[in-house]
Each structure stands twice: as structure tokens, then as C-alpha cells.
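Student: Listed in order, the protein sequences are those of chains V and E.
Take the first sequence: its letter number 205 is residue 205 in my numbering, and every next letter is one higher.
Take the second sequence: its letter number 203 is residue 439 in my numbering, and every next letter is one higher.
Each residue gets a CB set at the ideal place from its N, CA and C atoms; glycine is no exception.
Number of protein chains: 2
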Amino acid sequence: MNVLIVHAHPEPQSFTAALRDQAVQTLQSNGHEVRVSDLYAMNWNPVASAEDFSLRENPEYLAYALEQRHNSKTQTLATDIRQELDKLLWADLLILNFPIYWFSTPAILKGWIDRVLVSGICYGGKRFYDQGGLRGKKALVTVTLGGREHMFGEGAIHGPLEDMLRPLLRGTLAYVGLEVLQPFVGWHVPYISAEARQAFLVSYGRRLESIESDEPIQYPRLGQFDDRLYPLAQRQ
Amino acid sequence: MNVLIVHAHPEPQSFTAALRDQAVQTLQSNGHEVRVSDLYAMNWNPVASAEDFSLRENPEYLAYALEQRHNSKTQTLATDIRQELDKLLWADLLILNFPIYWFSTPAILKGWIDRVLVSGICYGGKRFYDQGGLRGKKALVTVTLGGREHMFGEGAIHGPLEDMLRPLLRGTLAYVGLEVLQPFVGWHVPYISAEARQAFLVSYGRRLESIESDEPIQYPRLGQFDDRLYPLAQRQ
């Protein structure tokens with residue numbers, strides 16, 4: 001497989017960075033090709049703006065997604081976006097590797113999503129969920145967080161982690177057609193011992209050894225809905 | 237009330253901006269004081285980094301939340317963060333006003349959350365949810381999106397909008413102690429008539445007229461959990 005790891009952590013010595021390095025090593029040892037986008041090191045610009053387009057369809061009024069569609073056709077997207085998009089289209093597996101900030105991605109990674117998941121290529125019109133532009137590829141979310149495992153789940157204080165990550169897992173990754181694998185989670189990372197961290201790395205390495213046979217999470221399929229996207233089941 | 241509107245849209249003529257202006261006008265007419273942070277106009281930096289702290293507790297290794305705690309005590313947070321934090325502490329009502337990007341906030345607004353909701357002031361230790369540092373204040377999320385209303389809800393293709401917004405409504409705003417009001421949603425905005433847009437503005441104005449009597453959404457309370465944050469109900 002071709003694997004793109006998008007890494008977003010402000011501390012180069014972080015445990016999140018160790019997870020990135022573990023992934024590079026394990027995946028390469030298993031014969032996969034790996035590329036890494038280290039967003040902090042790249043000084044990635046996360047702000048979607050008019051500057052992302054050098055040939056505006058409508059110079060008077062910015063409709064961001066419409067200009068994405070237009071500028072991807074005319075090959076006039078900003079260079080930094082084009083470079084990331086090329087990596088994404090090259091990849092069979094996308095790994096987003098980050099510390100949870102506010103039950104979601106750090107802003108620098110949210111801005112990679114906002115700017116790189118370009119309308120007209122990654123989705124558009126009726127091309128989303130199982131019909132999304134990136135169908136056939138897979139995605140894995142690898143996160144570290146401060147909370148303990150018992151704080152998540154049904155009835156737990158924060159509810160299921162998958163519910164907190166829903167806009168990312170379902171609303172973003174599954175939306176563009178990616179097969180979304182179960183997230184890998186490093187729990188309580190700022191507070192655990194070096195041994196406990198090492199155990200997470202070993203467990204992550206094992207997970208990645210057999211990542212190709214992982215079953216994806218089930219999400220809606222367009223075939224379950226009519227042309228106006230009303231659920232077919234409601235008619236019965 | 238003192239009201240802070242945090243506005244994030246790359247197009248100054250957008251309908252989202254019209255919602256902001258409607259809020260300013262209605263709230264001021266009702267005797268409230270209003271301040272606006274227009275993140276695009278301010279060229280807000282959304283990237284959490286070591287540069288946010290001028291006096292590091294640990295200069296060798298960046299633990300972002302720990303440095304927030306330390307630098308808020310020593311008054312050494314970056315000036316742009318301090319200014320936004322002062323507005324937030326001044327406000328009785330926080331309105332986040334933005335277009336939905338990937339079922340969530342645009343990155344520039346995510347970075348306002350990452351950087352301004354400072355550990356040690358807005359939350360920390362056991363001060364979260366109903367014990368959060370901003371308890372006694374309220375929050376309203378005002379969003380525009382491309383989807384139609386029937387695409388959201390139980391059994392709908394995207395599920396309930398509140399579920400997609402969960403990391404923001406519950407994991408962020410409720411987490412810091414804010415009473416979270418039902419979001420105001422402008423549906424299908426890029427595709428509707430000027431009359432339909434006008435109807436949303438009127439409806440938003442009416443909502444804001446009586447915003448002080450709105451009932452907040454119910455979220456977990458720390459009293460429902462033991463000292464280690466296991467749910468008390470499970471013991472019975």
C-alpha cells in the first residue's frame with residue numbers, strides 16, 4: 001500500500017510523534033510505501049481563503065466549495081493544496097495522527113481537511129459516503145488524549161469516543177468515500193509511565209501489521225436513500 | 237447582557253455575515269452590549285504553538301495545556317489570546333457564528349477554541365461540565381450549511397445535526413461550563429432565494445429577542461459521577 005500519514009503536534013518529541021515513527025517503521029518493514037506530512041514542521045496554513053484560488057470563477061463573491069471545484073478543474077489551486085492533494089490521491093491508506101484538542105483535531109489539521117478535501121475531486125453532487133471521490137481508499141485515525149478509557153463509552157461522562165469523533169469519522173472521512181477503520185487510541189498519555197507508553201507503541205505496531213485485513217466501520221450508503229436523499233425505509 | 241459574537245467566514249458579503257449583523261442590531265436594540273471578533277478580518281492565528289507562551293514552565297518539552305495554565309497565572313499568554321480571553325470573560329453570552337465546514341467549525345474558529353479556552357481559567361482539574369470555569373454564562377451556535385433539513389435527524393442520511401455538532405456543543409461549550417442553547421441553523425443557504433434568506437434573518441431576530449429565556453440543552457453534571465468519574469448510577 002501507499003500510506004500517507006498526516007501528523008499534527010506542536011512538540012517534536014511528543015508521544016504522538018513516537019506513534020508516527022512507529023507507523024513509518026512498521027509499515028515500511030511490511031513493504032508499504034510511506035509519506036509523512038508533518039503539518040507543524042511544514043508551517044501549514046490552515047485558513048481557507050480567497051488566496052487558495054488563482055483563477056476565480058466569481059471574483060466578486062467567494063463561495064469556497066464552488067471555487068474549489070472550478071480551480072481543481074483549471075489546475076489553479078494554491079501550490080500547497082495541490083501538493084497535499086496529490087499525496088492524498090497517491091495514498092491507499094490515510095492516517096491522521098494527532099492529539100485530541102477539544103474532542104477533535106487541532107486547528108492546523110482541521111485546516112488541512114478544509115483546504116485539501118477539495119470539492120469536485122473528493123466529493124461533489126451525489127458523490128459522497130460510499131460514492132465519495134476517494135472510495136477504494138482507507139482511513140485510520142490515531143489519537144492521543146488526556147482522558148482515561150472509563151470516561152468514554154455508553155453512560156460514561158463523555159459518552160462514546162466514536163460519538164465525539166463523529167464529524168471526523170463519518171462527516172469527513174466516510175463522507176469522501178474512505179473506508180474508516182476503528183481509531184487507535186492512546187489513553188491518558190500525559191500522565192502514564194514510559195512503560196505504559198511503550199506498551200501502546202507495541203500494540204500500535206501489531207495493529208498496523210495486519211491493518212489490511214481490518215474491517216471498516218459501517219456508515220450510510222446512498223442506495224438506502226432516494227434521489228432527494230430521503231431514507232427509502234420510511235416509505236415501507 | 238454582554239454578548240461576544242465570534243464570526244468566522246472568508247466572504248465579507250456572506251449570509252453568515254448578515255446573521256452576525258442581524259444579531260448585533262437586534263441585541264443592541266434590546267439594550268445588550270455587543271462585541272464582535274471577526275476572525276478573518278483580524279487575521280486570527282489559529283495554530284496553537286510554543287509562541288503562545290512567553291514564560292515557559294518547561295522550555296524543553298511543550299505540553300500545551302500545562303503551559304496555558306502556567307502562563308495564565310503569570311500573565312504571559314500571547315497578546316492576541318489575552319485579548320480574546322478578556323472578551324470571553326466579559327461576556328454573558330457567547331455566539332459562535334460560522335458556516336459549517338465538514339460538520340464542524342472552520343479551522344480559523346477551531347483555532348480560536350484551541351488557543352482561547354485556556355486551561356486553568358476555562359477548565360482544569362475537576363472544573364468541567366457544570367463545574368466548568370465559564371459556568372453562569374451561555375453559548376449559542378449560529379450556523380449556515382449547504383444541506384437540507386431533511387438530511388438531518390434520526391434515520392436521515394447524516395443523522396441528527398446535534399450529533400454531528402457534539403464535540404462543539406458538549407465537548408467544548410458545555411465542557412467549560414457554558415449553558416448551551418439550541419443552535420440556530422440556516423439550512424441550504426447557498427441555494428435558496430433572497431426571500432428565504434430574509435425569512436431566516438427575521439426568524440433569527442425573533443429568536444434573539446427572547447434569547448434570555450431560552451432553556452439550555454441538558455448535559456452531564458459532575459454530581460452524577462464519583463471522584464474517579466465513574467457513573468454513580470452503575471453502582472446501584
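Among residues of its own chain, excluding the 5 on either side of Ser-449 (chain E), which ones have a beta-carbon nearer than 7 Å to its beta-carbon?
Tutor: Correct list: empty, nothing qualifies.
Student: If distances are taken between C-alpha atoms only, which option among E:Tyr-337, E:Leu-468 and E:Asp-322 comes closest to His-150 (chain V)?
Tutor: Here the closest residue by C-alpha is E:Leu-468.
Student: Here's the rule I'm using: 16 or more other beta-carbon atoms within 10 Å means buried, otherwise exposed. How should Glu-84 (chain V) be labelled?
Tutor: Burial call: buried.
Student: Between the alpha carbons of Glu-287 (chain E) and Trp-187 (chain V), how many angstroms are there, rounded?
Tutor: When rounded, the distance between both Cα atoms is 27 Å.
Student: For Ile-121 (chain V), which three-state DSSP category applies?
Tutor: Coil, per DSSP.
Student: How about Val-239 (chain E) and Leu-329 (chain E): do their beta carbons lie closer than 7 Å?
Tutor: Taking 7 Å as the Cβ cut-off, Val-239 (chain E) and Leu-329 (chain E) qualify as a contacting pair.
Student: Could you give the C-beta distance for Leu-224 (chain E) and Asn-333 (chain E), rounded to a whole number, given that I count them as a contact under 8 Å?
Tutor: Residue coverage of chain E in this structure runs from 237 to 472, which leaves residue 224 (chain E) outside it and unanswerable.
Student: Listing by chain order, which chain V residues have their CB less than 8 Å from the CB of Ala-375 (chain E)?
Tutor: Simply none; closest approach about 13 Å.
Student: Is the beta carbon of Lys-110 (chain V) closer than 7 Å to that of Ala-343 (chain E)?
Tutor: Yes, the Cβ-Cβ distance between Ala-343 (chain E) and Lys-110 (chain V) is below 7 Å.
Student: With 7 Å as the threshold, decide whether the Cβ of Arg-256 (chain E) is near any Cβ in chain V.
Tutor: Answer no: the Cβ-Cβ gap between Arg-256 (chain E) and chain V never drops below 7 Å.
Student: Can you check whether the C-beta of Thr-408 (chain E) is within less than 7 Å of a C-beta belonging to chain V?
Tutor: Thr-408 (chain E) counts as touching chain V.
Student: Over the uninterrupted beta strand (DSSP E) stretch that includes Ile-331 (chain E), give me the two end residues.
Tutor: Its beta strand (DSSP E) spans residues 329-335.
Student: Find the residues of chain E that neighbour Ala-50 (chain V), judging by a C-beta separation of less than 9 Å, and give them in chain order.
Tutor: Neighbours of Ala-50 (chain V) on chain E, chain order: Pro-246 and Glu-247.
Student: Sorted by chain position, which residues of the same chain lie with C-beta nearer than 8 Å to Arg-148 (chain V)'s C-beta, five sequence neighbours on each side aside?
Tutor: Same-chain partners within the cutoff: Trp-187 and His-188.
Student: Can you tell which of E:Tyr-337, E:Ala-244, E:Thr-341 and E:Asp-366 has its C-alpha closest to the C-alpha of Ala-277 (chain E)?
Tutor: Of E:Tyr-337, E:Ala-244, E:Thr-341 and E:Asp-366, the residue nearest in Cα terms is E:Ala-244.
Student: What are the boundary residues of the alpha helix (DSSP H) that includes Ile-113 (chain V)?
Tutor: 107-116 is the extent of the alpha helix (DSSP H) around Ile-113 (chain V).
Student: Helix, strand or coil: which one does DSSP assign to His-243 (chain E)?
Tutor: Of the three classes helix, strand and coil, the one that applies to His-243 (chain E) here is strand, per DSSP.
Student: Taking the DSSP output, what are the residues bridged to Ile-363 (chain E)?
Tutor: A small correction: the amino acid at residue 363 (chain E) is Arg; Ile does not occupy that position in the sequence shown. DSSP output for Arg-363 (chain E) lists E:Gly-360 as bridge partner(s).
Student: What is the residue span of the alpha helix (DSSP H) that Ser-273 (chain E) lies within?
Tutor: Unbroken run through Ser-273 (chain E) is the beta strand (DSSP E), 269-274; no alpha helix (DSSP H).
Student: So what does DSSP say about Lys-137 (chain V), is it helix, strand or coil?
Tutor: Looking at Lys-137 (chain V) - three-state DSSP - the assignment turns out to be coil, as it is neither helix nor strand.
Student: Do you know how far the Cα of Tyr-337 (chain E) is from the Cα of Gln-261 (chain E)?
Tutor: Rounded to whole angstroms, Gln-261 (chain E) to Tyr-337 (chain E) spans 26 Å at the Cα level.
Student: Name, going along the chain, the residues of the region 93-110 of chain V whose beta-carbon falls closer than 7 Å to a beta-carbon of chain C.
Tutor: The structure shown contains no chain C; the protein chains it does contain are V and E.
Student: CB Val-185 (chain V) to CB Leu-169 (chain V), shorter than 7 Å?
Tutor: Contact flag unset, no.
Student: Using the Cα positions of Thr-105 (chain V) and Pro-99 (chain V), report the straight-line distance between them to the nearest angstrom.
Tutor: Going from the Cα of Thr-105 (chain V) to the Cα of Pro-99 (chain V) covers about 7 Å.
Student: Residues of chain V with CB closer than 9 Å to the CB of Gly-459 (chain E), please, in chain order.
Tutor: Residues of chain V passing the Cβ test: none, with the nearest at roughly 11 Å.
Student: I need the straight-line Cα distance from Val-6 (chain V) to Gly-360 (chain E), nearest angstrom please.
Tutor: Each residue's alpha carbon lies about 29 Å from the other.
Student: Give the residues of chain V in contact with Val-352 (chain E), contact being defined as C-beta atoms less than 9 Å apart.
Tutor: Within chain V, no residue comes near Val-352 (chain E); the closest Cβ sits about 11 Å away, beyond 9 Å.
Student: Does Ser-340 (chain E) come out as helix, strand or coil in the three-state DSSP assignment?
Tutor: Reduced to three states, the DSSP call for Ser-340 (chain E) is strand.
Student: When Cβ atoms are compared, which residues of the region 387-406 of chain E fall closer than 9 Å to chain V?
Tutor: So the close ones are Met-387, Gly-391, Ala-392, Ile-393, His-394, Gly-395, Asp-399, Met-400, Leu-401, Arg-402, Pro-403, Leu-404 and Arg-406.
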